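Structure first, then comments.
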Amino acid sequence: MIGKTPKGPSGPTAVKPAKTSTSGADGLARIDPAGGTFHAHHGTAAPTRVGGDIDAITPAPAVQVSALPAHTDLAAQTAAPTLEDFWIALPPGLPEPDVQGVRTIEGRQYVTLANGRFLQVAADPETGGYRATRSSERVPSGPRLVPDADGRYWQEDRPQAPHDLSDTRLEAFRCDLDFTGIEPGSDGLYRFAGKLYAVIRTRAYQVLHDTDASTPDTQVMRIVRAGDAVAHDENNVYFSTRPGRSEPIVLDARRGWVGTSIHGAGGMQRVHRGQAMHQQLVDKTLALETEGLLVQAAGEKRSEATDNWRAQEQGSQGERGALAMLEVRLRQELDLLKAYIGRYVNEQYWISRVKPEGIFRNELHELRVLSVDNCDRLIGASDRRKLIELGDLRGTRAMYEAIAEHLWKKREILQIRQQLVDDILRQSRSSALETALPTTHSMDLQVITSGWVEARSRLLSSDPGDSQSALAQWARSYIETASAFHDIDSVPQQARLAIITGLLDQTAAIKASYENLAFAPDSAEAGVRRQIIEVMQSFEETLETRASRYHREQLTTLAMPAQDEVIDFDFVPNQENAGPAPARRRLFRARHHDVYKISVGLPRRTASGEEVIDVTDPGSVEQVWQTYERRDGEWRRQAPPPDMALPTLMALANERMGQCEAHLRSARQDEKAWRNASNIVEFLGAKAEQFDDVALQLERQPNAADDEIAVLISQLRQNSQRLRQEGEDIRVRLYKDKSFLSASRVAYLLGQNQIVAMKTHTRLERGKGSNKHYLDIYSLNDRRTGEPLWHAHFHYAKADSAAGDFTVQGGHLKTLEQSGSGLASQRRDQQAGRVHVPIWREAIDSRTAQKIFDVAQ
1 MIGKTPKGPS GPTAVKPAKT STSGADGLAR IDPAGGTFHA HHGTAAPTRV GGDIDAITPA
61 PAVQVSALPA HTDLAAQTAA PTLEDFWIAL PPGLPEPDVQ GVRTIEGRQY VTLANGRFLQ
121 VAADPETGGY RATRSSERVP SGPRLVPDAD GRYWQEDRPQ APHDLSDTRL EAFRCDLDFT
181 GIEPGSDGLY RFAGKLYAVI RTRAYQVLHD TDASTPDTQV MRIVRAGDAV AHDENNVYFS
241 TRPGRSEPIV LDARRGWVGT SIHGAGGMQR VHRGQAMHQQ LVDKTLALET EGLLVQAAGE
301 KRSEATDNWR AQEQGSQGER GALAMLEVRL RQELDLLKAY IGRYVNEQYW ISRVKPEGIF
361 RNELHELRVL SVDNCDRLIG ASDRRKLIEL GDLRGTRAMY EAIAEHLWKK REILQIRQQL
421 VDDILRQSRS SALETALPTT HSMDLQVITS GWVEARSRLL SSDPGDSQSA LAQWARSYIE
481 TASAFHDIDS VPQQARLAII TGLLDQTAAI KASYENLAFA PDSAEAGVRR QIIEVMQSFE
541 ETLETRASRY HREQLTTLAM PAQDEVIDFD FVPNQENAGP APARRRLFRA RHHDVYKISV
601 GLPRRTASGE EVIDVTDPGS VEQVWQTYER RDGEWRRQAP PPDMALPTLM ALANERMGQC
661 EAHLRSARQD EKAWRNASNI VEFLGAKAEQ FDDVALQLER QPNAADDEIA VLISQLRQNS
721 QRLRQEGEDI RVRLYKDKSF LSASRVAYLL GQNQIVAMKT HTRLERGKGS NKHYLDIYSL
781 NDRRTGEPLW HAHFHYAKAD SAAGDFTVQG GHLKTLEQSG SGLASQRRDQ QAGRVHVPIW
841 REAIDSRTAQ KIFDVAQ
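Residue numbers (UniProt numbering): 1 to 857.
Next up, the structure:
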């Protein structure tokens, strides 16, 4: 597992680096001392550039500052002047006002107040805003002024404190999105489908950057209506010239998003930037350039460390030390890049004033790509160093401890890498950038994590080197599950939801096995178990998310339940680097201990021409874990029976017979504890196979017809069947859990003739207008007791549609409580602004629906 690295631009890596080549297979192939460094000066606009744009950054005017005379009595100064002190008669010959209501003649500017009075105005060099002035003043001394929303009249600028916006005022802007349980970005905003959203009192609102109203220290956003033209800017920037209503807001550290007042035409401050704004931008630009130089210097140190590593003898302690130093340099560079990227993202509203949009986006992309490459380099360096260090620890507990620690750190790097790639994909709108994007697989993270689970599991057992221990077998099952998910996008799309369903069931069963381990509550072992369970819960969430996506993307209703879908696909993994083509693989479902599981392996032909599948260690295809063969139309594990003498077989048979009742009692206790149904079935199935194996070996004995042997064979077969039947009975009883909704379970119970259906409502009219539809409701009842278990809802576009013609994804399960409060619950969701999202587990396929219709009374 150590050697498995993510597939970057130059492909996977091997253990041995080729010192004379830039392409190695150890994860360090992409380390290029001559490249890969982001140059901070690239595309950066000089902060003193002057142009015709009113927003251009110009040299700050000289301001003479002197101390007040010692005898000055500030208290004796006259009161601040009012607007009335600056009223003037309008000079003759003035032109018509411009769009801001300003009239200009001979370099002097005049504005009109709402009461019809006139003022001369001038820009205040300290604030960049306008003040009332007198013709005799060099620096304006009057009150601050701003234009009104129409730009016709001007008014005194009385700063208004941030204020709460009422739900009534915001109602017209509300979006049907629910971000409950999702963390916002560092700027307080949520991102969805390329748009920005602010949440105020649990309600979501689309927002845009108001770059004109923002300052380097305060980011002003505009709440907009999604249907207005102003809301459609691809860069999420507000333009007052585009039609549409808006509300300005700012982020308060204590109160969240609050309203603010922005004066000016269309709410924009159309004033010249003065000394304060200029100095702030200069300071921030210099800080940005300084960070860029630090990143560049870190890249140079990393290149030096790379050259030093390449000069070392392979496998030597010198190489180990050089790799350790390379890792230090890579982590330092990644930390600097993280801070640098964070500044680009969080301070975009002012950086956009000194960098054109195209340059800004390209630089941000370059920084993220460099970070991804450095993650690959770091993984490769740490993998190589760990392989050197493990040389003397083979087969020891210390080896598994070292592997577990290493893989956990590798997992953290992969998480960082994946977030970077997600950010690149989300922000990129250029085909050129997409082409340059380094490839990645989010599933790599799961496979690496499963390797960590194996190392930790072996450390929980008494003998870490025992590959047949229960803990080692559970861990390998988890690795097989994660590996199957890794390759899911290589199989036909119509089968993916069925595969995800199977992988979720497998993960739940494996997790339940760890949950049932008994350790002292405060022990180190209990802490490890808890960490393993948390990892598996995270994997379940990943699978659930993927299943929901596949469900949303379906254009038709599934034809059959997941367990009936044929899962047996050959595929060739995508080749992401120059080199030998990857070997053909097969993703398949096999039966073992009466439970079906999905795995991925390498198909091959035996010397006799028989097709088999080898399931191997993901980190080493030479290490075969299990071989599967076709038996009775299914994939089964190869298990050559041991060659035992008759007396030994007779003793083993009697021993097995004496254990039967204990196995049944154990399974029933697990049922009472509501433990995982698949695990109970697998436990009894494994014991039943032990009975069958002994019976089969007895049947192959020369004197198998002997009465004593024949009776023993018969008893073994009977007890085997008894164990299997009890497993099925327990599965049926546990599957009838009313609180758990699963269309797959309903399909299974229908197939076992365990439930009946009763139609309770026919073509109930629901919705209005284009949302109008009709609903049929069936009660799914326990055949034995008649007790209702769940309700099945089917939605139809027309009142006279045939039963099987329900709408796409229009058949789904409901708990009895959900079904009874369905409309009220939907209304509450709508009032809360939450959109109903179809749940994939509840979706009923066409075949299961037809069975419900067939058995309905």
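Just so it is clear, CB atoms sit at the ideal spot from N, CA and C, and this is done for glycine as well. Predicted model only: the values in this text are computed from it and were never measured.
By the CB criterion at 9 Å, E156 and L83 fall inside the cutoff. Secondary structure note for E634: its beta strand (DSSP E) is the uninterrupted segment E634 to R637. Taking all protein chains in view, the Cβ of Q638 is surrounded by fewer than 16 other Cβ atoms within 10 Å, so the residue is classified as exposed.
Annotation for E319: Q312 place their beta carbon closer than 6 Å to its own, counting only its chain and skipping 5 residues before and after.
If you draw a straight line from the Cα of P573 to the Cα of E634, it comes to about 24 Å. Within the same chain, Cβ atoms closer than 6 Å to the Cβ of D568 are found at F588, the five residues on either side in sequence being excluded. Closest in alpha carbon position to W309, among L323, G451 and V621, is L323. Rounded to whole angstroms, I730 and L664 show a C-alpha spacing of 11 Å.
Relative to the Cα of F86, the nearest Cα in the group L420, G116, D98 and A132 belongs to A132. Taken through DSSP and simplified to helix, strand or coil, Y205 comes out as strand.
Taking the Cβ atoms as the reference, Q697 lies roughly 11 Å from I709, outside the contact range of under 8 Å. Contact between L750 and T815 does not hold, since the beta-carbon distance rounds to 18 Å and is not under 8 Å. Under a 10 Å Cβ-count criterion, K672 is classified as exposed, with fewer than 16 other Cβ atoms of the shown protein chains found around its own Cβ. C-alpha of R245 to C-alpha of P95: approximately 32 Å in a straight line.
Counting only runs that start and end inside the region 349-410, the alpha helix (DSSP H) elements of at least 4 residues fall at 357-389.
N362 and R169 have their C-alpha atoms some 39 Å from each other.
Under the 8 Å Cβ criterion, the region 402-418 counts as touching the region 450-460, having at least three qualifying pairs. In the structure shown, V621 adopts extended strand secondary structure according to DSSP, grouped into three states.
E137 sits in coil when the DSSP states are folded into three classes, being neither helix nor strand. Three or more beta-carbon pairs drawn from the region 592-605 and the region 472-492 are found closer than 8 Å, and the two stretches are therefore classed as touching.
Rounded to whole angstroms, P521 and E291 show a C-alpha spacing of 48 Å.
One thing to note: Q348 has its Cβ no nearer than 9 Å to the Cβ of H551. The straight-line gap separating the alpha-carbon atoms of W674 and E389 is approximately 45 Å.
Contact check for Q690 and R656: beta-carbon distance about 6 Å, within the 8 Å limit, so the pair qualifies.
In the structure shown, the three-state DSSP call for S599 is strand. By DSSP's assignment, I223 forms a beta bridge with V207 and E247. Within its own chain, the residues whose Cβ lies closer than 7 Å to the Cβ of R368, once the five positions on either side in sequence are excluded, are I341, L420, D423 and I424, listed in chain order. The C-beta distance from K511 to I533 rounds to 6 Å, short enough to fall under 8 Å.
For the pair R152 and G129, the CB atoms are not nearer than the 9 Å cut-off. Rounded to whole angstroms, the gap between the alpha carbons of A843 and S477 is 28 Å. Here A547 is buried, its C-beta having at least 16 other C-beta atoms within 10 Å. Taken through DSSP and simplified to helix, strand or coil, T215 comes out as coil. Beta-bridge analysis with DSSP links I755 to D782.
Within the DSSP bridge table, the entry for Q626 names V615 as partners. Q206 and A229 have their C-alpha atoms roughly 13 Å apart. The residue among E234, T218 and V199 with its C-alpha nearest the C-alpha of A193 is E234.
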